[in-house]
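Enquirer: In our numbering, the protein residues as written are 535 to 1144.
Here a beta-carbon is modelled for each residue, glycine too, at the ideal position from N, C-alpha and C.
One structure is given below, represented as C-alpha cells, and several questions about it will come after.
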Ligand code: M6R
C-alpha cells in the first residue's frame, strides 16, 4: 500500500523523508521517491524497488538539499512498477509536484482533456493528472488551484503537494484514503500513517474525507474542499511504534479484516458503469468474438484463492453459462488437464508468486489455453506471464491468513462473470444492473458486519476451548464454509472441517454428539429450507449451532444456539459478507488461545516452493 510523508521546517528534509518512508516499509511497496525544494528548484530522486535502491541512487546523485519536501512509497495500481512511474510526479513545467495514495477513477478522461490543452504526460500513472490539473488552474494561489483540481477528481485519494511557486507550504487533501497532519514546533508534517512521523511528533490532526490542509512551518489550516475552515481537535498518539504500524490494531490480520470495506470499494472503482450497464476491465482484452469461442473455463489456485475460485465457478456458470472446472494448482499441473485454445484458464493468486499456481499457469499456456490472472500484486510473476490481468486493489496483505484478498477476489470474479455474461448475451440488462447495484452496496454492508464485532468476539471467547468444529452449508454457503474452516484451523490450530450440509448424513453425522460445535451457513434463499432440515439434524444430536443467516430471519432464532446476521443482498453476493464474521471468529478464537496470529506456525505468506 502506498505511503506518504511530507515535511516543512528548518531541518534537512531528505533524510527525514527517507526515515519516514522506512517506517512505512511494513506496508509493502514496489518503488519509492522523494522531492525536495532547494530554494530554487524541486529535485526528485525516484527508484523502482526497495528503499535501499533509492539510498544507493541518493549516494550517487547526492542528497537533495532543502527544508521542504514530500516522499512516497508506491504500491502499483495504474502502470507497472518502474523508476518513471514511481512518485512524486510533476506537471510540464516542473513547478508542481505531487504524491498520491489511492486511485483516480476518471484519470483517462482528465488526461485526454489535458492533452488537448497541450499538456505532455511522461508516466502511466493516474496520479500525473493531478500535477497537470494544478498547473492548468494555477493563477497565483496554490490553495485555490488545488481546490479547483479537487473538484475534477473522482475516486479515492490522499495527496501531498508542493510547488516552487509557493515554497512556504505543503498542501494535503483526503478522500477515502487516510491522511494526517503532524504538529511540530517550527516544523510541520503530513503523512498517510502515524509511524512515518512518530519520532518527531505525537500530536496530530486526522483529516476526514473532503478535507484539505495547508501547512507552513508554523501554521496548519484545515478546510473543506469548498474552502470553509474546519476546527479540529488535536489527537495525541500514545501507541508505541509497533502498534502504530498496525494502525492501533493488535495484529495485521485484524487491521486487514477492517480494511475490507475500502478494499472492496477500491477494487470496484471505475469498473462498474451503472448508467451504461457495462463492466470496464481495462487490462482484459477478451472481445465478444473471443467469448463466443470459449467452450470451457478452468480456474486454478491454492488455498484461499482456490476457495474464491469455487465461488467464481458458481458465478460464471450462472451469469455467462460457460462450464467451469476449479482445480487446486498442485493437482492440476500433474493431472494431464484437457485444455486447448478454446479454454480460458483463470489463475487466482494474491501474491502472484505461488510456485504451484505459476507452474499450473505455464502448463495450461503450453497446451494453448488463454490465461487470465486475478492477482493483487502488479508486476508479479503471474501478472507478467498471463495474457490478461484483473488486479484486486486490496493493498498489500501482510498477515499470513488471507482476508481482504479473498473478498476482493470474489468481487473481481463477479465483475468478470458480468463482463463475460454481457458479452455472451446470457444476461439481461435488468439482471446485470441489479447485480451491479448490489455490488456497489457491499462496502457499506461489510462495515455493518464489522460493527457486530464485539458479539462475535464474545462467541469466540465462549467457545475458544473447542477442539473440533464443523462448518456446513449448501451451494455458495458450502464454498464459504471451506474458507471459514481454513481460517480457523490456520490461525487457531483448532481442527475444523467443512461439509456440504447434504453430505452430513452420508458419514459425518456420526461425529455430531452432545456439545459439538457446528457453524451453519444458511444465506442462500432457495436452499434455506434444506439447510433448516440439516440444522435440525445437528440439534437433534445435541450439537451447538452458530447460524449465519440473512438479517431478520426469525425462524432460525428458535432453532440455532446463536445467530450471526448477514445484511440483505443477492444470494449470489452473500459470500463477500458471510466470510467476514468467520474471519473474525477465527481471529478471536486464535487470540483467546494465545496463538501467533499474523505468523501461524509452519506457514509462510507466499509459498514460492513446490
Ligand atoms: O498468494 P496466493 O493467493 O497464491 O496464496 C495461496 C495460498 O497460499 C493462500 O491463500 C493461503 O491458503 C492463505 N494463507 C490462506 O489464508
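1. Counting C-beta neighbours from all protein chains within 10 Å, is the total for residue 565 16 or more, i.e. buried, or is it exposed?
2. Can you check whether the CB of residue 741 is closer than 9 Å to the CB of residue 704?
3. Please say whether residue 1011 and residue 1061 have beta carbons closer to each other than 9 Å?
4. Between the stretch 596-611 and the stretch 550-562, do three or more beta carbon pairs fall short of 8 Å?
5. Rounded to whole angstroms, what is the Cα-Cα separation between residue 897 and residue 867?
6. Thinking C-alpha only, which one of 1115, 888 and 633 is nearest residue 917?
7. Which residues bound the beta strand (DSSP E) around residue 1051?
8. Distance, Cα to Cα, residue 676 vs residue 805?
9. So for residue 703, helix, strand or coil by DSSP?
10. Which class does residue 693 belong to by DSSP, given the choice of helix, strand or coil?
11. Please report the distance separating the alpha-carbon of residue 635 from that of residue 680.
12. Quick check: the stretch 814-834 against the stretch 980-992, are there 3 or more CB pairs under 8 Å?
13. Could you tell me which residues DSSP pairs with residue 607 in its beta bridges?
14. Find the nearest neighbour of residue 493 within the set 895, 699, 814 and 686, judged by alpha-carbon distance.
15. Helix, strand or coil for residue 1099, going by three-state DSSP, please let me know.
16. With contact counted as at least three CB pairs below 8 Å, one residue from each stretch, are the stretch 777-790 and the stretch 751-759 in contact?
17. Shortest alpha-carbon distance to residue 852 belongs to which of 1042, 665, 1022 and 954?
18. Taking three-plus beta-carbon pairs below 8 Å as touching, is the stretch 938-945 in contact with the stretch 1099-1116?
19. Assuming residue 864 and residue 885 form a contact by the criterion Cβ under 8 Å, report the distance between their Cβ atoms to the nearest whole angstrom.
20. Would you mind reading off the limits of the alpha helix (DSSP H) that contains residue 859?
21. Using the Cα positions of residue 665 and residue 658, report the straight-line distance between them to the nearest angstrom.
22. Using the C-alpha atoms, what's the distance from residue 1116 back to residue 1025?
23. Under 9 Å between the Cβ atoms of residue 720 and residue 734?
24. Which residue spans inside the stretch 893-943 form an unbroken beta strand (DSSP E) run of at least 3?
25. Could you compute how far the alpha carbon of residue 596 sits from the alpha carbon of residue 632?
26. Using DSSP with H/G/I as helix, E/B as strand and the rest coil, what is residue 560?
27. By the three-class DSSP mapping on this structure, what secondary structure does residue 1069 have?
28. Let me make sure I understand the geometry here. Which of 1032, 1031 and 856 has the alpha-carbon closest to that of residue 961?
29. Counting only the same chain and skipping the five closest in sequence on each side, list residues whose C-beta sits under 7 Å from that of residue 788.
30. Please list, in chain order, all residues of the same chain as residue 1094 whose beta carbon is under 6 Å from its beta carbon, the five residues on each side excluded.
31. Within 10 Å of its beta-carbon, does residue 1038 have 16 or more other beta-carbons around it, so buried, or fewer, so exposed?
32. Using a threshold of 9 Å, state whether the C-beta atoms of residue 843 and residue 725 are closer than that.
33. Give me, in chain order, the residues of the same chain whose beta-carbon lies closer than 7 Å to that of residue 591; leave out the 5 immediate sequence neighbours on both sides.
34. Since residue 1030 sits in a beta bridge, which residues does DSSP pair it with?
35. Mind checking residue 694: buried by the 16 CB within 10 Å criterion, or exposed?
36. For the alpha helix (DSSP H) that residue 826 lies in, which residues bound it at each end?
Expert: So, from the listed chains and residues:
1. Counting every other CB atom within 10 Å of its CB across the protein chains shown gives residue 565 a total of 16 or more, marking it as buried.
2. Against a cut-off of 9 Å, the Cβ pair of residue 741 and residue 704 comes out as no contact.
3. In this structure, residue 1011 lies closer than 9 Å to residue 1061 by Cβ.
4. In short, these stretches touch, since the Cβ pair count reaches three.
5. It is roughly 6 Å from the alpha-carbon of residue 897 to the alpha-carbon of residue 867.
6. Among 1115, 888 and 633, the Cα nearest to that of residue 917 is on 888.
7. Secondary structure note for residue 1051: its beta strand (DSSP E) is the uninterrupted segment 1051-1056.
8. About 32 Å.
9. If DSSP states are grouped into helix, strand and coil, residue 703 belongs with coil.
10. DSSP places residue 693 within a strand segment (E or B) once states are collapsed to three.
11. Residue 680 has its alpha-carbon roughly 16 Å from the corresponding atom of residue 635.
12. Verdict: no, contact absent.
13. Note: residue 607 sits in a beta bridge opposite 537 and 566.
14. Lying before the first or after the last residue shown, residue 493 is absent from the chain, which here runs from 535 to 1144.
15. The DSSP-derived three-state label of residue 1099 is strand.
16. Verdict: no, contact absent.
17. Of 1042, 665, 1022 and 954, the smallest CA-CA separation from residue 852 is found for 954.
18. Segments in contact, yes.
19. Beta-carbon to beta-carbon, residue 864 and residue 885 are separated by about 15 Å, too far to satisfy the 8 Å threshold.
20. Not the alpha helix (DSSP H): residue 859 falls in the beta strand (DSSP E), residues 858-862.
21. The C-alpha of residue 658 is placed about 14 Å away from the C-alpha of residue 665.
22. Cα-Cα distance, rounded: 12 Å.
23. For residue 720 and residue 734, no; Cβs fall outside 9 Å.
24. Taken in chain order, the complete beta strand (DSSP E) segments of 3 residues or longer contained in the stretch 893-943 are 904-909 and 922-925.
25. Going from the Cα of residue 596 to the Cα of residue 632 covers about 22 Å.
26. Residue 560: helix per DSSP, three-state reduction.
27. Three-state DSSP puts residue 1069 in a helix.
28. Among 1032, 1031 and 856, the Cα nearest to that of residue 961 is on 856.
29. Same-chain partners within the cutoff: 1121.
30. Within the same chain, and ignoring the five residues on either side of residue 1094 in sequence, the residues whose Cβ sits closer than 6 Å to its Cβ are 1079 and 1081.
31. Counting Cβ neighbours within 10 Å, residue 1038 comes out buried, since at least 16 surround it.
32. Against a cut-off of 9 Å, the Cβ pair of residue 725 and residue 843 comes out as no contact.
33. Excluding sequence positions up to five before and after residue 591, its CB lies within less than 7 Å of the CB of 579 and 581, all in the same chain and listed in chain order.
34. Residue 1030 pairs with 1003.
35. The residue is buried, with at least 16 neighbouring Cβ atoms inside 10 Å.
36. Note, residue 826: alpha helix (DSSP H), 822-827.
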